[in-house]
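What follows is a single structure, written as structure tokens, with notes after it.
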Amino acid sequence: MSLGLMFLIFALLVLIEVPIAFAMTLSAVCYLLLEQTVPLTIVVQRMAPGLDSFPLLAIPLFILAGNLLNKAGLASRIFDFAQALVGHVRGSLGHVNVVASLIFAGMSGVAQADAAGLGTVEIKAMRRAGFDAPFSAAVTAASAIIGPIIPPSVIMVIYAVMAQVSVADIFLAGILPGIVIGLLLMGLIYFLARTGRITAPVYPRASRAKIGSSFVRAIPALLAPIILVAGLLSGAATPTELGAITVIYATVLGFWDRELNWQKLLYCVQETLLTAGVLVFIISAAVPFGWVVSVNNVPAQLADFMLSLSDNRYVILFMINLLLLVVGCVMETTAILLIAVPALLPLILALGVDPVHFGLIVVLNLLIGATTPPFGVLLFIMMDIARISFRQMIRAMAPFYIPLVLALILVTYFPDFVLWLPRLLHGGGG
């Protein structure tokens, strides 16, 4: 009874738009007040140790690195290089948008940073080239999903801590799916341009000199993901240490190019504190909430219920995908992650699904949810940048769910596709 009331209070608080961290804390406190078997001090006692995790240090570091690289003016260099590479392909700047997001993904671990930082440059360029605003916004929202799939990724760090898996493993697991998502999006853009569903200007193929010069200008941006992936594959540094290295690299680069000054540096630190502070508060608030769920044996009950419907792992994975997609439409990504992972992980382990593989399934589901009405955060960021209505955004976004769902099917039902690189790191080869 008390547990059901806790979930009801949580749902009501979320519906009236109480910040998710407060909603989880207040609902857990209400449960304890009703039960009166455990002192309220358990809330604080659980919150503090919940943050005592070295990998969580990577979160503010990767956010700060992304902010610094943004302020260092690398977004326009990435876009110019991508345009020189694929601007001549039918669909032109649509492909450039996706390729630029693939590159930028190696520097920013947050989809919102990709959408807001690089997205501003991309949408302005596409509008100048004659693309309509809704399509430009939809391409940018869909390609921003790649950001948290390809390392670094804040959401993957949180999952790794929750599921107690290697951050390096889940980072490497995201590389191939991220690239494939990019290729699927480019395939859709080519189809839309080829069939006349979008009006895309045709650019001549860039000369070797043009490609070379844009590549040289983009080298500082390209080095960031190379350093990260090389560090992960070689085992030379932990993801947290690589986050610190990227921050130092971005700071030195920004001052060297005179794109960064002390005022901009302070602004980046402030933005990082705001973003990371919210995430850390949500993580700490989820610990007492999760404790209540755990002591009431909810994960085991959920596992028994789903296994009573089917004992086929593929059917259960389908049901989990459906559940996460629906919840992802109406709730904040981090909150879902912190609630769903402890609840679903025992079931997943019982089915013999690798927790790293499951991590990619969860992350991709939640990111697709971030582009889905009614409350997808990426939709609202793009609407604000492109100055379009909600209806225009949804209509333009509709075709892009096809490649995103195809990618989700690949990630869900072909585990080797996800786990090949992590196995390579551990000497498994495949």
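Residues -13 to 416 in my numbering are what the sequence shown lists, from first letter to last. Just so it is clear, CB atoms sit at the ideal spot from N, CA and C, and this is done for glycine as well.
In or out: Phe291 buried (at least 16 other Cβ within 10 Å) or exposed? Here residue 291 is taken as the residue at index 305 of the sequence shown, counted from 1. With fewer than 16 other beta carbons inside 10 angstroms of its own, Phe291 counts as exposed.
For a quick check, are the C-beta atoms of Ile109 and Ile367 less than 8 Å apart? Here residue 109 is taken as the residue at index 123 of the sequence shown, counted from 1. Here residue 367 is taken as the residue at index 381 of the sequence shown, counted from 1. Not closer than 8 Å, so no.
Separation of Pro408 from Ala146, as counted between CA atoms: Residue mapping note: residue 146 aligns to position 160 of the sequence shown, counting from 1. Residue mapping note: residue 408 aligns to position 422 of the sequence shown, counting from 1. Approximately 14 Å, taken between the alpha carbons.
Taking the alpha-carbon positions, what's the Val313 to Leu330 distance? Start at 1 with the first residue of the sequence shown, and residue 313 comes out as number 327. Start at 1 with the first residue of the sequence shown, and residue 330 comes out as number 344. C-alpha separation (whole angstroms): 14 Å.
Mapping the DSSP letters down to three states, classify Leu26 as helix, strand or coil. Translated into the one-based positions of the sequence shown, residue 26 becomes position 40. If DSSP states are grouped into helix, strand and coil, Leu26 belongs with coil.
First and last residue of the alpha helix (DSSP H) that includes Ser39? Taking the sequence shown and counting its residues from 1, one reaches residue 39 at position 53. That residue, Ser39, is in no alpha helix (DSSP H); it is neither H nor E in DSSP.
Which of helix, strand or coil DSSP assigns to Gln150: Within the sequence shown, residue 150 is the residue found at index 164, counting from 1. Three-state result, Gln150: coil.
Give me the residue from Thr185, Ile231, Leu88 and Ala61 with the minimum Cα distance to Arg203. Translated into the one-based positions of the sequence shown, residue 203 becomes position 217. The shortest C-alpha to C-alpha distance from Arg203 to any of Thr185, Ile231, Leu88 and Ala61 is the one to Ala61.
Apart from the five residues just before and just after Val342, which ones in its own chain have a Cβ nearer than 8 Å to its Cβ? Sequence index remark: in the sequence shown, residue 342 carries index 356 (1-based). Within the same chain, Val342 has close Cβ partners Val151, Ser152, Asp155, Ile156, Ala159, Val404, Leu405 and Pro408.
Decide if Met305 is buried, meaning its Cβ has at least 16 other Cβ atoms within 10 Å, or exposed. Translated into the one-based positions of the sequence shown, residue 305 becomes position 319. The residue is exposed, with fewer than 16 neighbouring Cβ atoms inside 10 Å.
To the nearest angstrom, how far is the alpha carbon of Met369 from that of Thr358? For the purposes of this step, residue 369 is taken as residue 383 along the sequence shown, with counting starting at 1. For the purposes of this step, residue 358 is taken as residue 372 along the sequence shown, with counting starting at 1. Cα atoms of Met369 and Thr358: separation of roughly 13 Å, rounded to the nearest angstrom.
Round the Cβ separation of Ala393 and Pro163 to the nearest angstrom and send it over; I've been treating them as touching at under 8 Å. Here residue 393 refers to the residue found at position 407 of the sequence shown. Here residue 163 refers to the residue found at position 177 of the sequence shown. Ala393 to Pro163, Cβ: 7 Å. Contact.
State the Cα-Cα distance for the pair Gly168 and Asn53, rounded to the nearest angstrom. Position 182 of the sequence shown, counted from the first residue, corresponds to residue 168. Position 67 of the sequence shown, counted from the first residue, corresponds to residue 53. If I take the Cα positions, the gap works out to 23 Å.
Who are the near neighbours of Ala250 in its chain, counting only those whose CB is closer than 7 Å to its CB and skipping five residues on each side? If you number the sequence shown from 1, residue 250 lands on position 264. Rather than Ala, the amino acid found at residue 250 in this sequence is Lys. Hits under 7 Å: Lys57.
Enumerated in chain order, which unbroken segments of the alpha helix (DSSP H) with a length of 4 residues or greater are wholly contained in the region 233 to 309? Segments of the alpha helix (DSSP H) lying fully in the region 233 to 309: 248 to 281 and 284 to 295.
Rounded C-beta distance between Val107 and Phe67? I'm assuming under 8 Å. Here the question's residue 107 lines up with position 121 in the sequence shown. Here the question's residue 67 lines up with position 81 in the sequence shown. Not really, about 12 Å apart at Cβ, beyond 8 Å.
Classification of Phe180 by the beta-carbon crowding that lies within 10 angstroms, buried from 16 upward: Taking the sequence shown and counting its residues from 1, the one referred to as residue 180 is at position 194. The sequence shown places Arg at residue 180, not Phe. Result: exposed.
So which of Leu50, Ser13, Ala9 and Thr23 has the shortest CA-CA distance to Glu257? Looking up residue 257 in the sequence shown gives position 271. It is Leu50 whose Cα lies nearest to the Cα of Glu257.
Mind checking Asn283: buried by the 16 CB within 10 Å criterion, or exposed? As a position in the sequence shown, residue 283 is number 297, starting the count at 1. That one is exposed.
Classify Thr23 as buried or exposed, calling it buried when 16 or more other Cβ atoms lie within 10 Å of its own Cβ. By one-based count along the sequence shown, residue 23 stands at place 37. By the 10 Å Cβ count, Thr23 comes out exposed.
Can you name, in chain order, every residue of its own chain whose Cβ lies under 8 Å from the Cβ of Gly416, other than the five neighbours on each side? If you number the sequence shown from 1, residue 416 lands on position 430. Summary for Gly416: the model assigns pLDDT 45, below 50, so the residue's position carries little reliability; its value from the coordinates is reported in the next sentence. Answer for Gly416: Asp402, Trp406, Arg409 and Leu410, listed in chain order.
Per-residue DSSP class, three states only, for Phe157: For this step, residue 157 is matched to residue 171 along the sequence shown. In this structure, Phe157 counts as helix in the three-state DSSP scheme.
For Ile136, which residues of its own chain have a beta-carbon under 8 Å away from its beta-carbon, when the five flanking residues on both sides are left out? On the sequence shown, position 150 is the one that residue 136 refers to. Only Leu88, Ala91, Gly92, Gly160, Ile161, Gly164, Ile165 and Pro211 meet the Cβ criterion.
For Asn327, which of helix, strand or coil comes out of DSSP? Translated into the one-based positions of the sequence shown, residue 327 becomes position 341. According to the sequence displayed, residue 327 carries Val and not Asn. Collapsing the DSSP output to three states places Val327 in a helix.
Between Thr319 and the rest of its own chain, which residues show a CB-CB distance below 8 Å, the 5 nearest in sequence each way excluded? What you label residue 319 is simply residue 333 of the sequence shown in a count that begins at 1. Setting aside the 5 residues that flank it on each side, Thr319 is surrounded in the same chain by Ile141, Leu352, Leu353, Gly355, Ala356 and Val363, each with a C-beta closer than 8 Å to its C-beta; the list follows chain order.
I'd like the list of long-range same chain contacts for Cys254, defined as Cβ closer than 6 Å, with 5 residues on each side in sequence excluded. For this step, residue 254 is matched to residue 268 along the sequence shown. Asn53, Leu54 and Lys57.
Applying the criterion that 16 or more other CB atoms from any shown protein chain within 10 Å of the CB defines a buried residue, is Asn83 buried or exposed? Residue numbering aside, residue 83 sits at position 97 when the sequence shown is read from its first letter. Burial call: buried.
Burial state of His412 (16 or more Cβ within 10 Å): Sequence index remark: in the sequence shown, residue 412 carries index 426 (1-based). It counts as exposed.
Are there 16 or more other CB atoms within 10 angstroms of the CB of Ser375, so buried, or fewer, so exposed? On the sequence shown, position 389 is the one that residue 375 refers to. The C-beta of Ser375 has fewer than 16 other C-beta atoms within 10 Å across all chains shown, which makes the residue exposed.
For Ile234, count neighbouring Cβ atoms within 10 angstroms of its own Cβ and tell me buried if that reaches 16, exposed if not. Within the sequence shown, residue 234 is the residue found at index 248, counting from 1. Ile234 should be labelled exposed.
Counting pairs of beta carbons, one from the region 113 to 126 and one from the region 190 to 208, are three or more of them closer than 8 Å? No, the region 113 to 126 is not in contact with the region 190 to 208.
Any idea what DSSP makes of Glu108, helix, strand or coil? Taking the first residue of the sequence shown as 1, we reach residue 108 at position 122. In this structure, Glu108 counts as helix in the three-state DSSP scheme.
When DSSP labels each residue in this structure, what does Phe400 get in the three-state scheme? Numbered from 1 along the sequence shown, position 414 holds the residue referred to as residue 400. Look at Phe400 here: in three-state DSSP terms it is coil, with no helix or strand label.
If you draw a straight line from the C-alpha of Leu26 to the C-alpha of Gly77, how long is it? Here residue 26 corresponds to residue number 40 of the sequence shown, with the count starting at 1. Here residue 77 corresponds to residue number 91 of the sequence shown, with the count starting at 1. One C-alpha to the other measures close to 59 Å.
Does the count of Cβ pairs from the region 1 to 13 and the region 262 to 281 closer than 8 Å reach three? By the Cβ rule, the region 1 to 13 counts as touching the region 262 to 281, because three or more pairs are nearer than 8 Å.
Considering only C-alpha positions, which residue in the set Leu171, Gln69 and Leu(-6) is nearest to Pro385? As a position in the sequence shown, residue 385 is number 399, starting the count at 1. Nearest C-alpha to Pro385: Leu171.
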